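Numbering (our numbering), first residue to last: -3 to 127.
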């Protein structure tokens, strides 16, 4: 078995998406596991128009870190990340959100973990603006 990411859309409006992701580890890590897939989003217009507005992390049982990355055609770019053990909230709305700055942006957003072991679990909630 491998680590897993299960996603649920909480809000799915024409310009805004809030997605909830649950991470379960069994000694494996996630590497660019998609939490948002631009190609499957009929409301999104431009891959470059995807922005992260807010992010919540709940990492109570894990000794590792969680990274949110823009997945690019040729290179991925880190958007934000959590600390070790605990809860974190990051708000990027005051400056318009974190734009998709990946090389050759695909519009996809992925989750990568580092230092997760069995039976670590965590939650990531992303507030995504899309144009």
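For each residue, glycine too, the CB sits at the ideal point set by N, CA and C.
Predicted, not measured: the structure shown is a model, and the values here were computed from it.
Margin query: Using 8 Å for Cβ pairs, my map puts residue 17 next to residue 56. What's the rounded Cβ distance?
Written below: The Cβ separation is near 15 Å, so there is no contact.
Notebook entry, point to check: Straight-line CA distance for residue 103 to residue 119?
Noted result: 21 Å
Item checked: residue 106 versus residue 91 - alpha carbon distance -> 22 Å
Note to self: Residues in the same chain with beta-carbon distance under 7 Å from residue 23, minus the five sequence neighbours each way, listed in chain order, please.
What the structure shows: 113, 114
Check: Quick one: what's residue 47 bridged to in DSSP?
Finding: 95, 125
Item checked: Cα-Cα separation, residue 93 to residue 2 -> 24 Å
Note to self: Considering just the uninterrupted stretch of the beta strand (DSSP E) at residue 71, what are its terminal residues?
What the structure shows: 61 to 71
Note to self: Assuming contact is defined by CB atoms lying nearer than 8 Å, are residue 63 and residue 77 in contact in what I supplied?
What the structure shows: yes
Check: Where residue 37 and residue 8 are concerned, what is the direct C-alpha to C-alpha distance, given to the nearest angstrom?
Finding: 10 Å
Margin query: I'd like to confirm the pairing. Which residues does DSSP put opposite residue 106 in its beta bridges?
Written below: 30, 65
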